[in-house]
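Heads up: the structure comes next, in structure tokens.
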Amino acid sequence: MTLFLIRDDDANATTDPERLGSVYAPLLDAGMPVCFAVVPAVALDTVGPDGAREGFIRADAPATGFSRLARDTPLSSWLRADGARRDVLVHGLNHARVRTGSEFGALDRAEASARIADALAIMVAALDRAPRGFVAPWDALSRPALVAATTAFDIVSTGWVDRRKLPFGALLAHARERMSRREALPVGHGWVLRHRGCRLQPSTPPDAVAGIIGQLSERAVVTVIVLHHWQFWADGGPHPVIVALADALRGKRVGIVADAIRTLDAGGRT
């Protein structure tokens, strides 16, 4: 049976944890953990494809600078309060468009390693734990950045994996993974764990959610469901898509990053 990881991207120091918790209440209240990919020191001037400031930055936050996660940040306190159900991954350092429109998509190894080290230091100080998973903003990783990430973390969660960006030693594993559709391949110290796209959107019909989950999980050892909380803000109760997701996952294995590592390691690294 596949293990499901619910991955939420973009939480940061400007995020209201009460509002964040309300988005995922149908899952959390049912005992299903959520893995939050947190931006350690979010760039407040980061823009989306439309040129407007990214929707995950609180509207009343300053227009420029960085908002850094600290121990007394409300989000930090909320995440520390229930680590068993509120797991954490590192989501870049600033979620800034450093070069060629992404943060890690065009970095050399020294640059990527430095950003990862800074991100981990912030997260450990704020949360009293070192996350074991990494998510690059926009899922963009250069080959040197991928090597740096798989050296520092046990799991790198991403979407499309360009084989040209894989280390030479991972090419055979990549070919085997594509034939099996397991969605996980060993790279360096860690695992690259693929997802099959952000298929659940606010416009998704709730009665289609169960079928989508089936498509995302077919033949996968670990299924990553990618969500963005700020797209699901709802007044007057949880969003129907999140309610439908909780219903679809009832009775299934839903875990945290450590569960995924154990599951993948148990299957071997060939």
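Residue numbers (this note's numbering): 140 to 409. Every residue gets a Cβ at the ideal spot worked out from N, C-alpha and C, and that includes glycine.
Buried or exposed: where does residue i fall if 16 or more other Cβ atoms within 10 Å of its Cβ makes it buried?
i: His328; result: exposed
i: Val140; result: Sequence check: residue 140 is Met here, not Val. Looking at its Cβ environment, which holds fewer than 16 other Cβ atoms inside 10 Å, Met140 is exposed.
i: Thr362; result: buried
i: Val300; result: buried
i: Val263; result: exposed
i: Gly244; result: buried
i: Pro283; result: buried
i: Ala223; result: exposed
i: Pro201; result: exposed
i: Thr239; result: exposed
i: Ala209; result: exposed
i: Ala433; result: No information on residue 433 is available, as it lies outside the stretch 140 to 409 that the chain covers here.
i: Gly204; result: exposed
i: Ser216; result: exposed
i: Pro341; result: exposed
For the candidate residues the options, whose alpha-carbon lies nearest to that of residue i?
i: Leu166; options: Lys391, Ile351, Ala265 and Gly350; result: Lys391
i: Gly187; options: Asp301, Arg282, Trp277 and Ala347; result: Trp277
i: Val360; options: Ala220, Arg401 and Leu214; result: Arg401
i: Gly298; options: Gly336, Ala323, Ala198 and Pro325; result: Gly336
i: Asp398; options: Val365, Ala198 and Ile294; result: Ile294
i: Glu176; options: Arg254, Ala275, Asp257 and Ala260; result: Per the sequence shown, the amino acid found at residue 176 is Ala instead of Glu. When each option's Cα is compared against that of Ala176, the closest is Ala275.
i: Ile255; options: Gln354, Leu280 and Asp267; result: Leu280
i: Asp119; options: Leu332, Gly240 and Thr343; result: Within the shown structure, residues of the chain are numbered from 140 to 409, placing residue 119 beyond reach of any answer.
i: Arg303; options: Thr290, Pro172, Ala291 and Val286; result: Val286
i: Glu157; options: Ala258, Leu228 and Leu214; result: Leu214
i: Gly394; options: Arg358, Gly170, Ala387 and Arg207; result: Gly170
i: Ala323; options: Ser206, Thr203, His230 and Gly406; result: Gly406
i: Gly194; options: Arg389, Asp148 and Val326; result: Asp148
i: Ala260; options: Ala191, Asp386, Ala180 and Ala235; result: Ala180
i: Thr290; options: Arg219, Ala249 and Cys174; result: Ala249
Run through DSSP, which three-state label would residue i get?
i: Gly350; result: helix
i: Arg410; result: A question about residue 410 goes unanswered here, because the residues of the chain that appear run from 140 up to 409.
i: Asn331; result: Before going further, note that residue 331 is Val rather than Asn in the sequence given. Three-state result, Val331: strand.
i: Val360; result: coil
i: His367; result: strand
i: Asp278; result: helix
i: Asp404; result: helix
i: Ala413; result: Since the first and last residues shown for the chain are 140 and 409, residue 413 lies out of range.
i: Val186; result: strand
i: Asp301; result: coil
i: Val178; result: coil
i: Asp386; result: helix
i: Leu149; result: The sequence shown places Asp at residue 149, not Leu. Looking at Asp149 - three-state DSSP - the assignment turns out to be strand.
i: Thr343; result: coil
i: Asp398; result: helix
i: Thr154; result: coil
On the DSSP bridge assignment, give the partners of residue i in chain order.
i: Pro112; result: There is no way to answer for residue 112, as the model of the chain reaches only from 140 to 409.
i: Cys337; result: Note: Cys337 sits in no beta bridge, so no partner.
i: Leu142; result: Val361 and Arg392
i: Ser296; result: Leu332
i: Val173; result: Arg225
i: Arg192; result: Val186
i: Val326; result: Gly329
Following a CB-centred definition, is residue i positioned closer than 6 Å to any heavy atom of the ligand SAM?
i: Ile294; result: Ligands displayed in this structure: none; no statement on the ligand SAM is therefore possible.
Give the list of continuous alpha helix (DSSP H) stretches no shorter than 4 residues that lie fully inside the stretch 196-274.
213-220 and 248-266
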